[in-house]
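Chemist:
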Amino acid sequence: MTRPVVDPRDAIAFLQALVRLDTVNPPGRESLAADLIQSRLEPLGFEIERVGAEAGRDCLLATLRGTGGGPTLIFNGHTDVQPVGPGWTHDPFGAEIDGDRLYGNGVHDMKAGVAAFVLAGEALVRQGQRLRGSLLLQAVPDEVSGGVKGTGYLFANKKLAGDYAVVCEPTGLDVFVAHRGMMWFTLSVNGEPAHSGRPWLGVNAIAKVSTVIQELERALGPISPPALTRRCPPPASTSAASRAAPRRTWSPRAAG
Numbered sequence: 009m010t011r012p013v014v015d016p017r018d019a020i021a022f023l024q025a026l027v028r029l030d031t032v033n034p035p036g037r038e039s040l041a042a043d044l045i046q047s048r049l050e051p052l053g054f055e056i057e058r059v060g061a062e063a064g065r066d067c068l069l070a071t072l073r074g075t076g077g078g079p080t081l082i083f084n085g086h087t088d089v090q091p092v093g094p095g096w097t098h099d100p101f102g103a104e105i106d107g108d109r110l111y112g113n114g115v116h117d118m119k120a121g122v123a124a125f126v127l128a129g130e131a132l133v134r135q136g137q138r139l140r141g142s143l144l145l146q147a148v149p150d151e152v153s154g155g156v157k158g159t160g161y162l163f164a165n166k167k168l169a170g171d172y173a174v175v176c177e178p179t180g181l182d183v184f185v186a187h188r189g190m191m192w193f194t195l196s197v198n199g200e201p202a203h204s205g206r207p208w209l210g211v212n213a214i215a216k217v218s219t220v221i222q223e224l225e226r227a228l229g230p231i232s233p234p235a236l237t238r239r240c241p242p243p244a245s246t247s248a249a250s251r252a253a254p255r256r257t258w259s260p261r262a263a264g
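In the working numbering, the protein residues as written are 9 to 264.
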């Protein structure tokens with residue numbers, strides 16, 4: 009079997025096209041990226057399925073069927089990007105090349121990863137020899153907001169069937185074999201108002217919830233099960249507000 013080949017000029021042009029699509033979440037508009045990816049993969053024989061939790065925010069599933077008897081390999085990546093922050097020296101949606109760098113919002117996290125697996129799938133088709141197993145490429149929305157309308161939606165609707173999966177998030181060219189995921193929950197703490205001159209007559213809800221947050225830090229601190237991952241990423245953050253839900257999330261170390 010000859011090695012699949014990717015044209016570097018086509019790779020750059022495709023990534024630029026992805027970056028120039030404004031898929032900032034919120035509101036998302038990730039179907040713009042799904043349209044672009046579908047236009048490349050469908051003519052090559054990929055079976056296309058599009059599902060979504062809401063209009064304009066499609067999950068694109070592109071399947072290259074094998075000859076049979078082999079496993080299914082999933083490549084998964086999100087096409088939504090973070091809101092544009094301050095300090096840009098290039099147009100965030102210009103996909104400009106300066107030296108050996110391509111600048112744009114979401115290049116690192118993670119339109120380059122999505123472009124990489126799309127280009128790899130295309131190269132596999134052009135190489136001309138079919139695999140026994142199937143290849144499933146998933147371009148999903150909503151990762152920035154927690155993934156409920158993206159990969160979470162696929163999971164809830166039994167669309168994540170495969171034997172192996174690679175999530176092409178940026179991890180500093182390191183490989184993690186597991187991810188801790190995240191947990192969302194609501195915690196209600198009741199208080200009792202009192203005059204600031206006689207605080208002992210009331211109950212300070214903020215002081216009570218601060219104790220809970222400290223306990224969460226202690227109880228849910230970094231865990232490194234050696235059976236799951238060679239190197240476990242640290243917790244990203246714990247956030248809370250009075251009368252709101254403390255949130256605990258984890259993410260790969262270099263997934264900026």
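We put the CB at the ideal spot given by N, CA and C, even for glycine. It should be emphasised that the depicted structure is a prediction, and the values quoted were computed from it without experimental measurement.
Taking the C-alpha atoms as reference points, what is the distance between serine 142 and aspartate 171?
Modeler: Looking up residue 142 in the sequence shown gives position 134. Looking up residue 171 in the sequence shown gives position 163. Each residue's Cα considered, the two are about 10 Å apart.
Chemist: Exposed or buried, what is leucine 44 when buried is set at 16 or more other beta-carbons lying within 10 Å of its beta-carbon?
Modeler: Translated into the one-based positions of the sequence shown, residue 44 becomes position 36. So leucine 44 counts as buried.
Chemist: Give the DSSP-derived three-state secondary structure of alanine 25 in the structure shown.
Modeler: Position 17 of the sequence shown, counted from the first residue, corresponds to residue 25. Residue state, collapsed to three classes: helix.
Chemist: Taking only runs of the alpha helix (DSSP H) that begin and end inside the region 127-177, which ones reach a length of at least 4 residues, in chain order?
Modeler: 159-164
Chemist: For a test of the three-state rule: what should DSSP assign to threonine 284, helix, strand or coil?
Modeler: Given that the chain is displayed from residue 9 to residue 264, the structure contains no residue 284 and the question cannot be resolved.
Chemist: From this set, Ala169, Ala186, Arg138 and Val220, which residue's C-alpha is nearest threonine 75's C-alpha?
Modeler: The residue labelled residue 75 in the question sits at position 67 within the sequence shown. Nearest option by C-alpha distance: Arg138.
Chemist: Check arginine 109 in the structure and name its three-state DSSP category.
Modeler: One-based indexing of the sequence shown puts residue 109 at position 101. Residue state, collapsed to three classes: strand.
Chemist: Would you mind reading off the limits of the beta strand (DSSP E) that contains alanine 70?
Modeler: Reading the sequence shown from its first residue, position 62 is the one you call residue 70. Taken as a continuous stretch (DSSP letters only), the beta strand (DSSP E) holding alanine 70 covers 66-72.
Chemist: Check this for me: beta carbons of arginine 65 and serine 39, under 8 Å apart or not?
Modeler: Looking up residue 65 in the sequence shown gives position 57. Looking up residue 39 in the sequence shown gives position 31. In contact: arginine 65 and serine 39 (Cβ atoms closer than 8 Å).
Chemist: Output the distance between the C-alpha atoms of tryptophan 208 and glycine 199, rounded to the nearest integer angstrom.
Modeler: To locate residue 208, count along the sequence shown from 1; it is residue 200. To locate residue 199, count along the sequence shown from 1; it is residue 191. If you take the alpha carbons of tryptophan 208 and glycine 199, they lie about 12 Å apart.
Chemist: Check the DSSP bridge columns for histidine 203 and list the partner residues they point to.
Modeler: Mapped onto the sequence shown, residue 203 falls at position 195. None, per the DSSP bridge assignment.
Chemist: DSSP on glycine 121, reduced to helix/strand/coil?
Modeler: Your numbering for residue 121 matches position 113 in the sequence shown. Annotated three-state conformation of glycine 121 is helix, per DSSP.
Chemist: With respect to the alpha helix (DSSP H) encompassing valine 220, which residues constitute its N-terminal and C-terminal limits?
Modeler: Position 212 of the sequence shown, counted from the first residue, corresponds to residue 220. From DSSP, the alpha helix (DSSP H) with valine 220 extends over 213-227.
Chemist: Do you know offhand how far alanine 173's Cα is from glycine 95's?
Modeler: For the purposes of this step, residue 173 is taken as the residue at position 165 of the sequence shown. For the purposes of this step, residue 95 is taken as the residue at position 87 of the sequence shown. The straight-line gap from Cα to Cα measures roughly 36 Å.
Chemist: Should glutamine 265 and leucine 127 be called a contact, given that it needs their Cβ atoms to be closer than 8 Å?
Modeler: This structure cannot speak to residue 265, because the chain is shown only from 9 to 264.
Chemist: Quick check: the Cα distance between valine 92 and glycine 85, rounded to an integer number of angstroms?
Modeler: Stepping through the sequence shown from its first residue, residue 92 is reached at position 84. Stepping through the sequence shown from its first residue, residue 85 is reached at position 77. Each residue's Cα considered, the two are about 20 Å apart.
Chemist: Use the C-beta contact count for phenylalanine 83: other C-beta atoms within 10 angstroms, 16 or more gives buried, fewer gives exposed.
Modeler: As a working note, residue 83 is residue 75 in the sequence shown. Label assigned to phenylalanine 83: buried.
Chemist: Consult DSSP for arginine 58 and reduce its assignment to one of helix, strand or coil.
Modeler: Taking the first residue of the sequence shown as 1, we reach residue 58 at position 50. Reduced to three states, the DSSP call for arginine 58 is strand.
Chemist: Could you tell me the boundaries of the alpha helix (DSSP H) in which leucine 333 lies?
Modeler: Beyond the ends of the chain as shown, which are 9 and 264, falls residue 333; an answer cannot be given.
Chemist: What is the DSSP secondary structure of histidine 86, reduced to helix, strand or coil?
Modeler: Reading the sequence shown from its first residue, position 78 is the one you call residue 86. In the structure shown, histidine 86 sits in a strand (DSSP, three-state: E or B).
Chemist: Please determine if the region 22-30 and the region 106-124 are in contact, where contact requires at least 3 C-beta pairs separated by less than 8 Å.
Modeler: yes
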